[in-house]
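Scroll down for the structure; my scribbles are underneath it.
Number of protein chains: 2
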Amino acid sequence: MSLRAGGSELQAWVLADLSRDSRVTDRASAAERAADMLRERMIDGYLRPGTRLPEDALGEALSVSRNTLREAFRLLTHERLVEHRLNRGVFVRRLGPDDVHDLYRLRRLLELGALAGAVLPAPALDDARRAVEAGELAAARDDHQGVGTSNMHFHAAIVSLSASRRAQEVMRGVLAELRLVFHEVDDPMRLHEPYLRRNRELLTVLERGDPAAGERILGEYLDDAEAELAAAAELNQHDHG
Amino acid sequence: MSLRAGGSELQAWVLADLSRDSRVTDRASAAERAADMLRERMIDGYLRPGTRLPEDALGEALSVSRNTLREAFRLLTHERLVEHRLNRGVFVRRLGPDDVHDLYRLRRLLELGALAGAVLPAPALDDARRAVEAGELAAARDDHQGVGTSNMHFHAAIVSLSASRRAQEVMRGVLAELRLVFHEVDDPMRLHEPYLRRNRELLTVLERGDPAAGERILGEYLDDAEAELAAAAELNQHDHG
DNA sequence: GCATATTTGTCCGTATGTATA
DNA sequence: CTATACATACGGACAAATATG
């Protein structure tokens with residue numbers, strides 16, 4: 007069984023055991039749990055940009071009512087992970103080059119600002135080091151997903167040098183949006199792999215307590231990554247309208 | 007009639023003609039309109055921090071169903087303007103000193119970063135100039151509310167130098183949260199008035215194309231404002247538990 | 001500590017408006 | 001223009017949790 011839906015296909019196995027995704031099962035409301043499950047599927051690439059999310063099929067798969075699912079959609083809409091087309095339904099967002107440029111302008115404020123204001127050495131560098139090591143390990147195992155994830159963690163750790171919870175939360179949102187573009191790139195490994203060396207290099211100068219050198223390295227990384235992702239977004243836009 | 011609610015009192019006149027607040031009546035959904043009205047009441051200080059927002063009474067006052075109002079609550083929760091206590095209801099948020107410090111760390115990233123990356127002169131400086139002039143006019147008229155509002159607009163204009171839509175949106179959220187603290191200060195005029203001169207000064211050096219001097223002035227402003235608001239938040243926390 | 005009243009959390013059925021075929 | 005499909009919003013129902021006396 008596969009649910010044809012608006013041009014993109016929603017494979018049944020994506021929905022398979024969506025209802026028992028027992029990470030947060032308690033504490034949060036039903037809507038938040040539903041949003042958590044959908045967010046995870048988007049972040050790990052199973053729900054690709056452009057996919058339509060029909061209320062009835064998803065509600066059934068998640069074992070929640072339509073109202074509850076709509077609440078989950080609202081949450082995801084505000085995270086910009088899905089978009090609401092008037093009277094047409096909810097779709098996984100597809101980012102264009104403009105979005106990529108905007109996201110990277112914000113990343114520069116967050117990451118370079120956090121670096122400039124950091125007092126080194128900081129506890130957050132431990133998180134950064136762990137992320138670098140995890141990335142190198144994942145690359146050795148040819149684990150594309152893992153390389154991407156630890157790259158995200160590394161840059162999230164950079165922002166946490168700012169010691170602002172809200173800044174970290176904004177960064178989480180930025181990275182979640184960017185994930186949507188990562189999955190449009192044909193070879194994610196080729197995208198992330200060259201950055202492993204730079205992350206290591208950046209970590210080294212930060213541990214040496216040299217934020218100025220860090221800003222230079224980070225700035226170059228952001229420029230390159232922005233260009234590559236913008237190209238991917240451009241390409242994808244022409245492919246699928 | 008006054009609705010006793012959990013310790014804070016929800017005066018009837020606050021709700022009086024909440025339903026015909028005819029600014030955005032079309033285009034937006036009922037939930038968004040309801041959220042707009044509530045947000046406005048919080049921003050202009052009629053709904054004070056700690057106030058409980060009962061679904062029943064508010065739904066009636068806003069002429070929306072409970073489901074729609076709950077959706078409005080969700081929007082405001084995401085903006086951190088209200089907080090949801092499970093099975094206890096929704097309350098206007100009360101910020102502590104920690105929140106103030108966190109918000110100012112984020113402001114520094116956004117505002118100082120925007121300044122550092124700005125190419126001057128920029129179109130956004132027009133917005134900044136208008137805000138400065140509006141602030142001086144409001145002060146001359148002893149319009150406290152107006153002074154505060156134009157100060158917000160001025161700093162929003164600073165961030166828009168970053169040319170990032172998302173950064174501006176984050177800044178809007180930050181300023182909305184800070185409003186909640188402004189209303190805890192006994193004399194809002196005393197809070198904002200000394201900053202009028204600094205805003206004018208900052209505008210001048212920016213128009214001269216000197217971002218470095220701007221960063222110094224802005225940095226001092228942020229330090230002073232943070233200290234004052236943190237003190238206000240501290241005081242308030244002890245008053246109302 | 002207990003019983004009652006109130007409020008919230010969740011879900012359903014339905015009526016209305018709007019876009020698309 | 002009609003018909004269909006869908007989103008939007010409403011009102012009601014019931015269980016669960018909480019506040020009140």
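Chains A and B are the protein sequences, given in the same order.
Residue 24 in my numbering sits at position 18 of the first sequence, with consecutive numbering throughout.
Residue 53 in my numbering sits at position 47 of the second sequence, with consecutive numbering throughout.
Every residue, glycine too, gets a C-beta built ideally from N, C-alpha and C.
| Query | Result |
| --- | --- |
| Any beta-carbon of chain A closer than 7 Å to the one on B/Arg47? | no |
| Are A/Val98 and A/His90 close, meaning C-beta to C-beta below 7 Å? | no |
| Going along the chain, which residues of its own chain have a beta-carbon closer than 8 Å to the beta-carbon of B/Gly179, five neighbours each way excluded? | Glu85, Arg86 |
| Just the C-alpha distance for A/Asn73 and A/Ser166, rounded to the nearest angstrom, thanks. | 36 Å |
| Following the continuous beta strand (DSSP E) through A/Gly56, name the residue where it begins and the one where it ends. | Unbroken run through A/Gly56: none, as it is neither H nor E. |
| Roughly how many angstroms separate the alpha carbons of B/Ala134 and A/Gln174, rounded to a whole number? | 28 Å |
| Beta carbons nearer than 7 Å to chain A: which residues of the stretch 157-182 of chain B have them? | Ser168, Ala169, Ser170, Arg171, Arg172, Ala173, Val176 |
| Taking the alpha carbon of B/Glu139 as the reference point, which residue from B/Leu209, B/Glu234, B/Glu221 has its own alpha carbon closest? | B/Leu209 |
| Which residues of chain A have a Cβ atom closer than 9 Å to the Cβ of B/Glu77, listed in chain order? | Arg76, Glu77, Arg80 |
| Mind checking if A/Arg100 is an interface residue toward chain B, Cβ cutoff 7 Å exclusive? | no |
| Quick check: what's the CA-CA separation for B/Leu202 versus B/Asn93? | 44 Å |
| Please check the pair B/Gly51 and B/His161, which I expect to be a contact at CB under 8 Å, by giving their CB distance rounded to whole angstroms. | Between B/His161 and B/Gly51 the Cβ distance is about 19 Å, and since that is not below 8 Å, they are no contact. |
| Please list, in chain order, the residues of the stretch 200-231 of chain A that have any C-beta partner in chain B closer than 7 Å. | none |
| For the beta strand (DSSP E) holding A/Gly95, just list the boundary residues, first then last. | 95-98 |
| Could you please give me the residues that DSSP links to B/His90 through a beta bridge? | B/Val96 |
| What do you get for A/Arg185, buried or exposed, if any count of 16 or more other CB atoms within 10 angstroms of its CB means buried? | buried |
| Rounded to the nearest angstrom, what separates B/Glu117 and A/Asp105 at their Cα positions? | 21 Å |
| List the residues of chain B that A/Arg114 touches, going by C-beta distances under 8 Å, in chain order. | Gly119, Gly123 |
| Identify which residue in A/Ala144, A/Ser170, A/Ala137 has its Cα closest to the Cα of A/Met158. | A/Ala137 |
| Got a sec: is the Cβ-Cβ distance from A/Arg39 to anything in chain B below 7 Å? | no |
| Is it buried or exposed for A/Glu77, if we count other Cβ within 10 angstroms and need 16 for buried? | buried |
| Any beta carbon of chain A sitting closer than 7 Å to that of B/His198? | no |
| Using a Cβ-Cβ cut-off of 7 Å, state whether B/His150 counts as contacting chain A. | no |
| Who are the near neighbours of A/Ala163 in its chain, counting only those whose CB is closer than 7 Å to its CB and skipping five residues on each side? | Ala130, Asp133, Ala134, Ala137 |
| Compute the beta-carbon to beta-carbon distance between B/Gly102 and B/Gln243, rounded to the nearest angstrom, for a pair I have assumed lies under 8 Å. | 5 Å |
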